[in-house]
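I have placed the structure first, in the form of structure tokens, so that the comments after it can refer back to it.
Number of protein chains: 2
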Amino acid sequence: MASRTAASNTSTSLDADAWIDAAFDALAEGGIDAVRIDPLAKRLGVTRGSFYWHFTDRAALHQAMLKEWRKRASYQVGSRIDSRTSAPDERLRQNLALPKSTARAKRAAAIELAIRLWAQRDAQAARAVKHIDAVRLKYYAKLYGEMGLSPVLARKRAFLFYAALLARAYISTDDETDVGDDLASMLSLD
Amino acid sequence: MASRTAASNTSTSLDADAWIDAAFDALAEGGIDAVRIDPLAKRLGVTRGSFYWHFTDRAALHQAMLKEWRKRASYQVGSRIDSRTSAPDERLRQNLALPKSTARAKRAAAIELAIRLWAQRDAQAARAVKHIDAVRLKYYAKLYGEMGLSPVLARKRAFLFYAALLARAYISTDDETDVGDDLASMLSLD
DNA sequence: GCCTCGCCATACACAGGTGTATGGTAGCGC
DNA sequence: GCGCTACCATACACCTGTGTATGGCGAGGC
């Protein structure tokens, strides 16, 4: 009766991943408190009955979201850019050059922001954020290490690099004053 | 009858600022959606009747919060550190040396995070964030300019400096791997 | 000593969300 | 073609929050 709004599933039945995808949309728009079952059901064109088949609880969905985010965020590190062909400085530079104004990028940034806020009151979310931050920092430090920097200096540079990456997404600057492309020179990438 | 939990007002009547203060507490803990009238009233030891005397609406409270945040954030820039005695590089260094683990600092960071997430769906919040970011970037660029950097380079350094400042608050790292104090050397502050 | 006014409590109608219990249905195995 | 199973709809009880209307109450003007 109701038309499915999901992209992949047109008429077949929903699976848990469809709920998780929709949950991330809601998370990006309104934070973890906006991840509510009834609105998600309306968005998916089904009723709550479907949800309680796939999940026991609202908390279960939250857990599944964290698990999924850990997977995605870990997977992205080092695989967005082909990790075999490029030199380390080239890989870092390409990370900085990733689009930041596309719908995809904005959604990802909003999701991260929401999870970081969520992590302030939820221990599980805090653990996930801590883990992902450590993974990313370690990866960037590894790249700087491959460029010849000492481990200590590589860690510092990695932190600054990660800071620039996050700030580029979170600081709302006019696009005219965007200094993104010039960051490379200050991050020892030339 | 009910005991007032606010710090300043022990038994006299509440004013709008008391509501706004409590609202910022709720904002820091759960985002803008957690700024609800009923829970705030319970926290303040009064009922909704008081709220609807001082504010017409929930939206009015949100507006007042944004106005207050604009005021505080603008005021903090350049006045946390005595703006007359110190040299520009000293002022920047002291900004980096500001505590980040105190309850006050964590609350402020959480509030900013929540407002940035809020700004993704609310135009007024987005304007406030954009304004504050511009003010801060301009201030840091001015300091770098006073250190002798060219306007263009000063703006770049200011962005990186601001990025480091935000990241120090948002990236959840173990305190052992904290590189905060070493940032200065990478930001042309020595 | 009344009256007004600032401030708050109480009560009501309404909306929206949660979880549960139960029923319906389409498809597949055999 | 029977039945089982996966998946979803429906209905119910409950809770929490909003906004509004109205009543109460203490303090100061005069």
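Protein chains in written order, with this note's numbering: chain A, 19 to 208; chain B, 19 to 208.
Ideal placement from N, C-alpha and C gives every residue a C-beta, glycine not left out.
Using a Cβ-Cβ cutoff of less than 6 Å, which residues in the same chain neighbour residue i once the five nearest sequence positions on both sides are dropped?
i: A:GLN81; result: none
i: A:TRP136; result: ILE50 and ALA143
i: B:PRO117; result: ALA123
i: B:ALA128; result: ALA46
Can you tell me whether residue i is buried or exposed? The criterion is at least 16 other CB atoms within 10 Å of its CB, across all chains shown.
i: B:ARG66; result: exposed
i: A:ILE85; result: According to the sequence provided, residue 85 of chain A is Lys. The question's Ile does not apply to it. Result: exposed.
i: B:SER68; result: buried
i: A:TYR70; result: exposed
i: A:LEU32; result: buried
i: B:ASP56; result: exposed
i: B:TYR93; result: exposed
i: B:LEU201; result: buried
i: B:ARG173; result: buried
i: B:GLN138; result: buried
i: A:ALA105; result: exposed
i: B:ALA141; result: exposed
i: A:ALA185; result: buried
Between which two residues does the alpha helix (DSSP H) carrying residue i extend?
i: B:ARG109; result: 106-114
i: B:ALA44; result: 34-48
i: B:SER203; result: 201-204
i: A:LEU167; result: No alpha helix (DSSP H) holds A:LEU167; DSSP gives it neither H nor E.
i: B:PHE69; result: 66-72
Determine the contact status of residue i and residue j, defining contact as a CB-CB distance below 8 Å.
i: B:ALA132; j: B:GLY49; result: yes
i: A:ALA44; j: A:LEU58; result: yes
i: B:SER228; j: A:LYS148; result: Residue 228 of chain B is absent from the structure shown; chain B starts at 19 and stops at 208.
i: A:LEU161; j: A:ARG76; result: no
i: B:ALA146; j: B:ARG88; result: yes
Once the 5 residues before and after residue i are set aside, which same chain residues still bring their CB inside 8 Å of it?
i: A:ALA34; result: HIS72, PHE73 and ALA82
i: A:ILE38; result: LEU79, ALA82, MET83 and GLU86
i: B:LEU155; result: ARG173, ALA176, PHE177 and TYR180
i: B:PRO17; result: A query on residue 17 of chain B cannot be resolved here, the shown segment of chain B reaching from 19 to 208 and no further.
Looking only at its chain, what residues have a beta carbon closer than 7 Å to the beta carbon of residue i, apart from the 5 residues adjacent to it on each side?
i: A:ALA25; result: Residue confidence for A:ALA25 is low, a pLDDT of 35 falling below 50, so the modelled location carries little weight; the figure read from the coordinates is stated next. If we look at A:ALA25 and ignore the five residues flanking it on each side, it has no Cβ neighbours.
i: A:ALA91; result: ILE150
Is residue i near the ligand NAP, judged by its Cβ being under 7 Å from some heavy atom?
i: B:ALA123; result: Looking for the ligand NAP in the displayed structure turns up nothing, as the structure carries no ligands at all.
Beta carbons nearer than 8 Å to chain B: which residues of the segment 134-166 of chain A have them? ARG134, LEU135, ALA137, GLN138, ARG139, ALA144, VAL147, LYS148, ASP151, ALA152 and LEU155
Identify each residue in the segment 171-189 of chain B for which the Cβ-Cβ distance to at least one residue of chain A is less than 8 Å, and report them in chain order. ARG173, LYS174, ARG175, PHE177, LEU178, TYR180, ALA181, ALA182, LEU184, ALA185, ARG186, TYR188 and ILE189
Taking beta-carbon pairs under 7 Å, can you tell me which members of the segment 99-132 of chain A lie near chain B? Look at the segment 99-132 of chain A: the residues with a C-beta under 7 Å from a C-beta of chain B are ALA128, LEU131 and ALA132.
Taking a Cβ distance cut-off of 9 Å, strictly less, list which residues of the segment 37-49 of chain B are near chain A, in chain order. ALA46, GLU47, GLY48 and GLY49
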